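Position one of the sequence shown corresponds to residue 68 (the numbering used here), numbered consecutively onward.
Written out below as C-alpha cells is the structure these notes cover.
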Amino acid sequence: EIDAYAKMAQDKYGDKLIGLHIEVENDDEVILTYTLKNDVPFERIRRITGYLVGTLDKWNDAKRAEERDRVKHNIDQNIGD
C-alpha cells in the first residue's frame, strides 16, 4: 500500500516531488504530506515613489533622479508601548 501511495505521488508530481510523509491516523484515514521543489522564481517588489518595481535598471534619468531625491520615512517600532 505504501508503494502505491509513493507511485501515485511520483506520477502526479514527477521530479518536483522530493519527499512524501505517510501518516496513518486510524483504520479509515491516511494523511499524505508532499514536499515539492519550489522552482518558481520570484522577484522582490517594492513601492518606490508610488511605483511597484523590482529593480531600477529600466528607469530613465528623470525617474532615477526622483528616486534619489525622495524622502525616506522611518517607522517607529515602539508604537503602542
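For each residue, glycine too, the CB sits at the ideal point set by N, CA and C.
Here the structure is a predicted model, which means the values were calculated and not measured.
Opposite residue i in the DSSP bridges: which residues?
i	result
Val-91	Val-97
Leu-84	Leu-103
Arg-114	Leu-119
Could you pull out every residue in the same chain whose Cβ sits closer than 7 Å to the Cβ of residue i, ignoring the five residues on either side in sequence?
i	result
Leu-84	Ala-76, Gln-77, Tyr-101 and Leu-103
Ile-89	Ile-69, Tyr-72, Val-97 and Leu-99
Are the C-beta atoms of residue i and some chain C residue less than 8 Å apart?
i	result
Arg-137	Going by chain labels, chain C is absent from the structure shown, which holds only one protein chain.
Hey, is residue i close to the ligand GDP, as in C-beta under 7 Å from one of its heavy atoms?
i	result
Asn-141	The ligand content of the structure shown is nil, which means the ligand GDP is not present either.
Under 6 Å Cβ to Cβ from residue i, same chain only, skipping five residues before and after it: list those, please.
i	result
Gly-86	Thr-102
Apart from the five residues just before and just after residue i, which ones in its own chain have a Cβ nearer than 8 Å to its Cβ?
i	result
Asp-124	none
Under 8 Å by Cβ, that's how I've got residue i and residue j pegged, so tell me the actual separation to the nearest angstrom.
i	j	result
Gly-121	Arg-111	6 Å
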